[in-house]
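Student: Take a look at the following structure, please.
There are 2 protein chains.
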Amino acid sequence: MNIGAIRAARTRMGSAIRQTPLLNAPLLDRVAGRRIFVKAECLQVTGSFKARGGWSAVSALPPGTAGVLAMSSGNHAQGVAYAAAAHGMAAVILMPFDAPEVKIANTRAYGAEVVLYDRATEDRDTLAARLAAERGLALIPPYDHPEVIAGQGTTGLEIAAQAAAAGIDTADVLVPCGGGGLSSGIALALAAAAPAFRLHTVEPEGFDDMARSLASGSPQRNARASGSVCDAILTPTPGRLTLPILATHAGRGLAVSDDQALRAMTLAFRYLRVVAEPGGSVALAAALFAEDLPDTVICVVSGGNVDPALFAAALERSD
Amino acid sequence: MNIGAIRAARTRMGSAIRQTPLLNAPLLDRVAGRRIFVKAECLQVTGSFKARGGWSAVSALPPGTAGVLAMSSGNHAQGVAYAAAAHGMAAVILMPFDAPEVKIANTRAYGAEVVLYDRATEDRDTLAARLAAERGLALIPPYDHPEVIAGQGTTGLEIAAQAAAAGIDTADVLVPCGGGGLSSGIALALAAAAPAFRLHTVEPEGFDDMARSLASGSPQRNARASGSVCDAILTPTPGRLTLPILATHAGRGLAVSDDQALRAMTLAFRYLRVVAEPGGSVALAAALFAEDLPDTVICVVSGGNVDPALFAAALERSD
């Protein structure tokens, strides 16, 4: 993995993947007591950075590939479905039958075939292997894949260029972290394009496997698989490819509470006028509420696919 | 008024005014049955296009001007306050004492002195004239002012360039309309930079003074002064400067219901992940729900300063 793979992914994206804006607001800075710049990946096509990795992986497949297969209950599903449709390629997405109806509907709306399974009685990996073999589908993993990491890393190229244009010489860069695909891709991009910037992963409290893995030097596992409102970034362990990249290129990992993530979500509504999902808001939460950060912080808001009822409840609570 | 004034305003803005993105979403197009591109001025600094006109007018004042005065209960107040503070200039904003607390607080947070008055017992214009004379302040009107129109017109320059980059040759351009500052500025810009595009103003039903003025050829007045959720764009009559520009450069005016504006607001939440206010959503509502529009429509979402409780209620109703 190196910067060349990221630049190549960016070239393959053309205008199909949006350069998202780097937003800021004086009144948000006042709340935080520091300057905050927000890389708004919630404004990416499909509503999250996952379209980058999906596009990168799909566009790197050999000619003649019959189609792609992905397993996801959310943003990765939509990113892969979007990319496959644009490449005229079949997409089969394995989703648990109890995934949110809106995410199933959106994935279908992008043209994918959704195969529902029962988490309690069926083994997802066995099902995936069978489908892939039967239909000649290429599996697109959510993070532990070089082309997926390269695709997410294009976010980092844009951060480096936009920060330079805004006159930002040095900053901490905070990134929401599940398996580490986005964090490791951005870390690689910044190491080459903005080496003065220091990256920190941000996870929900109780699900900070990456932070503990970076601190201890070996892969750690979360005690629980669910129980945070930040559903998009609850992965059990760091990726096999992503952890070594972050061990080399990232600082210590941070964690925030669900309450802080929800408060960040409502402050993004009020001062930046973007819709963020809870898991996508954890880096902004750290930028707002964490101690020991420098005067200038860049954070990624990684997605905005949020249930309207949850969003409404958070707004009403903050009033 | 000509394109030169708009280009000059853009030059004076530098990086203080953001080039907002032109957003689109395949799933939103499916709802509409046509291609929709959204110029997201809700992502502008201060949360609306008003920062453009405020900046343009303040930056055009002669050196040595003591400060500026504006009358507004909302977005114009914040735009002028932001621009004045950045120019190291005093700003006095006359606001009704019963204006939303959050808008008063935000205007103060940008550094302006807010003077509250009683709509029932005090005459706003008399008060403004006295304050301006006593303190040597320059009045910045909300729309009927050449430099304000030129500033709002910079939105049109960006639309022309972004549409060309997206390969859009011909389109209708729909713009939320109160007094007509944004519409007339964009109309002037497009006449020079994208003459194949046709502009339509969009107003709330019952407050379509501009549409009726354009249809009849003479200024018309609204029967009521309030009674729509689209508070930001309820002006009694077209501007003296703005109407002739639109009579020359715009097509027929459109109108949408409050319910359509609120539905557009919730669809922008779901598919574009931006926060729009009701008045800022009327052009998107027309793009989604109006008949007799072409296959490709560009609409401006003009602002995103919306009360959280109102936004939450709209989301819950749409669920």
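The listed protein sequences derive, respectively, from chains E and L. First residue of the first sequence: 152, per the working numbering; consecutive thereafter. First residue of the second sequence: 152, per the working numbering; consecutive thereafter. Glycine included, each C-beta is placed from N, C-alpha and C at the ideal position. For clarity, every value in this text was computed on a predicted model and none was experimentally measured.
#1: If the cut is a Cβ gap below 8 Å, which residues of chain L does Phe420/E touch?
#2: In terms of alpha-carbon separation, which member of Glu442/L, Ala228/L and Glu354/L lies closest to Pro429/L?
#3: What is the DSSP secondary structure of Tyr294/L, counted as helix, strand or coil?
#4: Decide if the segment 309-320 of chain E is in contact with the segment 334-347 of chain E; the criterion is three or more beta carbon pairs, one per stretch, under 8 Å apart.
#5: Comparing alpha-carbon positions, which option in Gly239/L, Arg203/L, Phe420/L and Leu325/L lies nearest Gly218/L?
#6: If you follow the alpha helix (DSSP H) that Thr336/L is part of, which residue opens it and which one closes it?
#7: So, do the segment 318-334 of chain E and the segment 447-465 of chain E have three or more beta carbon pairs nearer to each other than 8 Å?
#8: Have a look at the DSSP bridge pairing and note the partners of Cys328/L.
#9: Is the shortest distance between the beta-carbon of Arg270/E and the beta-carbons of chain L less than 8 Å?
#10: Would you report the Cα separation of Ser349/L and Tyr233/E, rounded to the nearest angstrom?
#11: Please confirm whether Leu194/L has its beta-carbon closer than 8 Å to some beta-carbon of chain E.
#12: With DSSP collapsed to three states, give me the class of Val425/E.
#13: Let me know if Glu442/E comes out buried or exposed under the rule of 16 or more other beta-carbons within 10 Å of its beta-carbon.
#14: Judging by CA-CA distance, which residue of His351/E, Val182/E and Pro327/E is the nearest neighbour of Leu365/E?
#15: Beta carbons nearer than 9 Å to chain E: which residues of the segment 320-333 of chain L have them?
#16: Could you give the distance in angstroms between the alpha-carbon of Lys190/E and the alpha-carbon of Ala191/L?
#17: For the beta strand (DSSP E) holding Val380/E, just list the boundary residues, first then last.
#18: Short of 7 Å in beta carbon distance, which residues of its chain neighbour Met416/L, apart from the five on each side in sequence? Order them along the chain.
#19: What is the C-beta distance between Ser453/E and Pro327/E, in whole angstroms, given that I count them as a contact (C-beta under 8 Å)?
#20: Looking at Thr258/L: is its Cβ nearer than 8 Å to the Cβ of Val266/L?
#21: Taking Met361/E as the reference, give the member of Cys381/E, Leu397/E and Gly378/E with the closest Cα.
#22: Beta-carbon within less than 6 Å of Gln195/E's beta-carbon, same chain only, minus the 5 sequence neighbours each way: which residues are those?
#23: Could you pull the start and end residues of the alpha helix (DSSP H) that Ile244/E belongs to?
#24: Could you name the residues of the segment 167-179 of chain L whose beta carbon sits closer than 9 Å to any beta carbon of chain E, in the order they occur along the chain?
#25: Would you list the residues sitting across from Lys190/E in a DSSP beta bridge?
#26: In the DSSP assignment, find the unbroken beta strand (DSSP E) run with Pro251/L in it and report its ends.
#27: Measuring straight from C-alpha to C-alpha, what distance separates His227/L and Val299/L?
#28: Glu309/L bridges to which residues according to DSSP?
#29: Are any of the Cβ atoms in chain E nearer than 8 Å to that of Gly357/L?
#30: For Thr277/E and Gly155/E, what's the separation of their Cα atoms in angstroms?
#31: So is Asn257/L in contact with chain E if we call contact Cβ pairs under 8 Å?
#32: Please decide whether Arg181/L counts as near chain E, where near means a Cβ-Cβ distance under 8 Å.
#33: Taking Asp458/E as the reference, give the member of Ala376/E, Arg275/E, Val253/E and Arg281/E with the closest Cα.
#34: What does His351/L pair with, by DSSP beta-bridge criteria?
#35: Kindly indicate the opening and closing residues of the beta strand (DSSP E) around Ala376/E.
#36: Met222/L bridges to which residues according to DSSP?
Tutor: According to the structure shown:
#1: Taking the first sequence and counting its residues from 1, one reaches residue 420/E at position 269. Residues of chain L passing the Cβ test: Val426, Pro459 and Phe462.
#2: By 1-based counting over the second sequence, the position of residue 429/L is 278. Across the set Glu442/L, Ala228/L and Glu354/L, the C-alpha of Glu354/L shows the shortest separation from the C-alpha of Pro429/L.
#3: Residue numbering aside, residue 294/L sits at position 143 when the second sequence is read from its first letter. Of the three classes helix, strand and coil, the one that applies to Tyr294/L here is coil, per DSSP.
#4: With a cut-off of 8 Å, the segment 334-347 of chain E and the segment 309-320 of chain E count as touching, because enough Cβ pairs lie within range.
#5: The residue labelled residue 218/L in the question sits at position 67 within the second sequence. Out of Gly239/L, Arg203/L, Phe420/L and Leu325/L, Gly239/L has the C-alpha closest to the C-alpha of Gly218/L.
#6: If you number the second sequence from 1, residue 336/L lands on position 185. Per the sequence presented here, residue 336/L reads as Gly, with Thr not at that position. Element bounds for Gly336/L: Gly332 to Ala344.
#7: Yes, the segment 318-334 of chain E touches the segment 447-465 of chain E.
#8: For the purposes of this step, residue 328/L is identified with residue 177 of the second sequence, where counting begins at 1. According to DSSP, Cys328/L bridges with nothing at all.
#9: Walking along the first sequence from the start, residue 270/E turns up at place 119. When Cβ-Cβ separations below 8 Å define contact, Arg270/E makes no contact with chain L.
#10: By one-based count along the second sequence, residue 349/L stands at place 198. By one-based count along the first sequence, residue 233/E stands at place 82. For the record, residue 349/L in the displayed sequence is Arg; it is not Ser. When rounded, the distance between both Cα atoms is 31 Å.
#11: For the purposes of this step, residue 194/L is taken as residue 43 along the second sequence, with counting starting at 1. Yes, Leu194/L counts as interfacial toward chain E.
#12: Here residue 425/E refers to the residue found at position 274 when the first sequence is read from its first residue. Three-state result, Val425/E: strand.
#13: Residue numbering aside, residue 442/E sits at position 291 when the first sequence is read from its first letter. Label assigned to Glu442/E: exposed.
#14: Taking the first sequence and counting its residues from 1, the one referred to as residue 365/E is at position 214. In terms of Cα proximity to Leu365/E, the closest of His351/E, Val182/E and Pro327/E is His351/E.
#15: Those residues of the segment 320-333 of chain L that come within reach of chain E (Cβ to Cβ, closer than 9 Å) do not exist; the list is empty.
#16: Translated into the one-based positions of the first sequence, residue 190/E becomes position 39. Translated into the one-based positions of the second sequence, residue 191/L becomes position 40. Approximately 16 Å, taken between the alpha carbons.
#17: For the purposes of this step, residue 380/E is taken as residue 229 along the first sequence, with counting starting at 1. Bounds of any beta strand (DSSP E) do not take in Val380/E, whose DSSP letter is neither H nor E.
#18: Within the second sequence, residue 416/L is the residue found at index 265, counting from 1. The residues are Ala427, Pro429, Ser432 and Ala465.
#19: The sequence position of residue 453/E within the first sequence is 302, counting from 1. The sequence position of residue 327/E within the first sequence is 176, counting from 1. Indeed they touch by this definition, with Cβ atoms about 5 Å apart.
#20: Residue numbering aside, residue 258/L sits at position 107 when the second sequence is read from its first letter. Residue numbering aside, residue 266/L sits at position 115 when the second sequence is read from its first letter. Not a contact, by the Cβ cut-off of 8 Å.
#21: In the first sequence, the residue the question calls residue 361/E occupies position 210. Answer by Cα proximity: Leu397/E.
#22: Residue 195/E sits at position 44 when you count from the first residue of the first sequence. Result list for Gln195/E: Arg169, Thr171 and Ala202, in chain order.
#23: Along the first sequence, read from residue 1 onward, the residue named residue 244/E stands at position 93. Segment Ala241 to Pro247 is the beta strand (DSSP E) holding Ile244/E; no alpha helix (DSSP H) there.
#24: For the segment 167-179 of chain L, which is checked against every Cβ of chain E, the residues closer than 9 Å are Arg169, Gln170, Thr171, Pro172, Leu174, Asn175, Ala176, Pro177 and Leu178.
#25: Position 39 of the first sequence, counted from the start, is the residue given in the question as residue 190/E. In DSSP, Lys190/E forms a bridge with Leu173/E and Val451/E.
#26: Stepping through the second sequence from its first residue, residue 251/L is reached at position 100. Unbroken run through Pro251/L: none, as it is neither H nor E.
#27: Numbered from its first residue, the second sequence carries residue 227/L at position 76. Numbered from its first residue, the second sequence carries residue 299/L at position 148. In a straight line, the C-alpha of His227/L is about 10 Å away from that of Val299/L.
#28: Residue 309/L sits at position 158 when you count from the first residue of the second sequence. Residue pairing from DSSP leaves Glu309/L without any beta-bridge partner.
#29: In the second sequence, residue 357/L corresponds to position 206, counting from 1. No - not a single Cβ of chain E is within 8 Å of the one on Gly357/L.
#30: As a first step, residue 277/E must be located in the first sequence, where it is residue number 126. As a first step, residue 155/E must be located in the first sequence, where it is residue number 4. C-alpha separation (whole angstroms): 35 Å.
#31: Walking along the second sequence from the start, residue 257/L turns up at place 106. Output row for Asn257/L: interface = yes.
#32: The count along the second sequence starts at 1 and reaches residue 181/L at position 30. For Arg181/L, the nearest beta carbon of chain E is closer than 8 Å to its own beta carbon.
#33: Residue numbering aside, residue 458/E sits at position 307 when the first sequence is read from its first letter. Of the listed residues, the one whose Cα sits closest to Asp458/E is Val253/E.
#34: Position 200 of the second sequence, counting from 1, holds the residue named residue 351/L. Answer by DSSP bridge pairing, in chain order: Leu325/L.
#35: Looking up residue 376/E in the first sequence gives position 225. No beta strand (DSSP E) holds Ala376/E; DSSP gives it neither H nor E.
#36: As a first step, residue 222/L must be located in the second sequence, where it is residue number 71. Beta-bridge pairing links Met222/L to Leu245/L.
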